[in-house]
Structure formats: structure tokens, C-alpha cells
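**Q**
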Amino acid sequence: MARIHRQDVSDLLTRAVAPGVVLFAVLAGVGLLLNGPLDAVDDAEDKITDAFNRNRTDFWDPISWVCSRFGNTEVVIGVCLIAVAIIWWRTREWRWSVVPLIAISLQATIFLFLTLVVGRQRPPALPMDASPPTSSYPSGHTGASTALYLSLLMMA
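Per our numbering, the very first residue in the sequence shown carries number 17; after that it's consecutive.
#1: Residue 124 by DSSP, collapsed to three states: which one?
#2: Identify which residue in 121, 111, 98 has its Cα closest to the Cα of residue 33.
#3: Just checking my contact of residue 99 with residue 116 at CB under 8 Å: how many whole Å lie between their CB atoms?
#4: Would residue 164 and residue 95 be called neighbours here (beta carbons separated by less than 8 Å)?
#5: With DSSP collapsed to three states, give me the class of residue 116.
#6: Determine the extent of the alpha helix (DSSP H) in which residue 88 is found, giving its start and end residues.
#7: At the level of alpha carbons, what is the spacing between residue 126 and residue 155?
#8: Return helix, strand or coil for residue 73, following the three-state DSSP convention.
#9: How many angstroms separate the CA atom of residue 90 from the CA atom of residue 55?
#10: Relative to the C-alpha of residue 37, which residue among 124, 87, 83 is closest?
#11: Can the beta-carbon of residue 153 be found closer than 8 Å to that of residue 49?
#12: Could you tell me the distance, in whole angstroms, from the CA atom of residue 53 to the CA atom of residue 39?
#13: Residue range of the alpha helix (DSSP H) that residue 173 falls in?
#14: Taking the alpha carbon of residue 19 as the reference point, which residue from 87, 111, 103 has its own alpha carbon closest?
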């Protein structure tokens, strides 16, 4: 039976939670700057969004749709659970196998609190699918997929 030792908790705090707190602080600072003194960035973003809206094509829309699925919540959770199971099966080391799960759990926590602190509105893009009723900063798709796939890459 696997046991959690004091060193495991210490490692979790120093290797995951502390960097997560620093990441939260940096992203919150950037988000608040974008909502405040750097609000003019919205105009530039709107121009980029307009350009994307104008240049959408029947060829690229399905490709974009498929690629964006890799960051969807259900895909990230599914891939994470499969990865955890395979890593545990191959190594029998629970501390190693839960790394992707810790990564996406920490990302979800950071995302939740950042959306509450920053609350940046979504850009006026033509939606390709139904978006969840969250703010646009930070991107949940980007955060979740980065946390999962980067943790797997680093483990490899």
C-alpha cells in the first residue's frame, strides 16, 4: 500500500504549489494591466480578431475545429486519466504517475481564481462552437492543454 510521507508533501509544495502561486501572481498582474493601463491592447486584439473573422475559410475551419479539440476539458481529462493509468501500470510508482493529474488540477485552480480576479471579456470573434460562460483570460484551452502535454513531454 502506497503511503504519503512528509517528503512527498514537501516536494508537492516546493515543486508544484509554490511555482503555481508565482505563476498565478504573474498572470494576475498581466491580466490586471490588460484590463487597466494597457487597455489599448484591446484595440489591437480586436483588429487581429477582425482579420481572423474575415479570413476564415471552408478549408481551415474544420482543421481549426479538430486542433482545438485537443484542449477541450473532456479530452484533457480523458488523456490525463489514460496517461496516469499507463504510467502507473508501467512504473508502479504512484508519485510519478500522478504528475499529469497534479499539473491539470493546479492549472484548473489557477484558471478559476484568475477568471475571478481578472474577468477579461472574450473578444468579438465569430464562434466556431459554444464557448463556456467564462472570461477570456487566461485561456482555459491553452492552460489545460499546456499543463497536460508539457507535463507529459517533461516526463518523457
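Cβ atoms here follow ideal geometry from the backbone N, Cα and C, with glycine treated the same way.
Keep in mind the model is a prediction, meaning the values are calculated, not measured.
**A** Let me spell this out:
#1: Against the sequence shown, residue 124 aligns to sequence position 108. Residue 124 falls in the helix class under three-state DSSP.
#2: Taking the sequence shown and counting its residues from 1, the one referred to as residue 33 is at position 17. Of the listed residues, the one whose Cα sits closest to residue 33 is 121.
#3: Locating residue 99 in the sequence shown gives position 83, counting from the first residue. Locating residue 116 in the sequence shown gives position 100, counting from the first residue. Confirmed, Cβ separation roughly 5 Å.
#4: Taking the sequence shown and counting its residues from 1, one reaches residue 164 at position 148. Taking the sequence shown and counting its residues from 1, one reaches residue 95 at position 79. Yes, they are a contact pair.
#5: By 1-based counting over the sequence shown, the position of residue 116 is 100. Of the three classes helix, strand and coil, the one that applies to residue 116 here is helix, per DSSP.
#6: As a position in the sequence shown, residue 88 is number 72, starting the count at 1. Unbroken run through residue 88: none, as it is neither H nor E.
#7: Reading the sequence shown from its first residue, position 110 is the one you call residue 126. Reading the sequence shown from its first residue, position 139 is the one you call residue 155. Spanning the two alpha carbons is a distance of roughly 11 Å.
#8: By one-based count along the sequence shown, residue 73 stands at place 57. Residue 73: coil per DSSP, three-state reduction.
#9: For this step, residue 90 is matched to residue 74 along the sequence shown. For this step, residue 55 is matched to residue 39 along the sequence shown. Each residue's Cα considered, the two are about 33 Å apart.
#10: Counted from its first residue, the sequence shown places residue 37 at position 21. Minimum Cα distance to residue 37 is reached at 124.
#11: For the purposes of this step, residue 153 is identified with residue 137 of the sequence shown, where counting begins at 1. For the purposes of this step, residue 49 is identified with residue 33 of the sequence shown, where counting begins at 1. For residue 153 and residue 49, no; Cβs fall outside 8 Å.
#12: Mapped onto the sequence shown, residue 53 falls at position 37. Mapped onto the sequence shown, residue 39 falls at position 23. Each residue's alpha carbon lies about 21 Å from the other.
#13: In the structure as shown, the chain begins at 17 and stops at 172. Residue 173 is therefore absent and cannot be evaluated.
#14: Your numbering for residue 19 matches position 3 in the sequence shown. Nearest of 87, 111, 103 to residue 19, Cα basis: 111.
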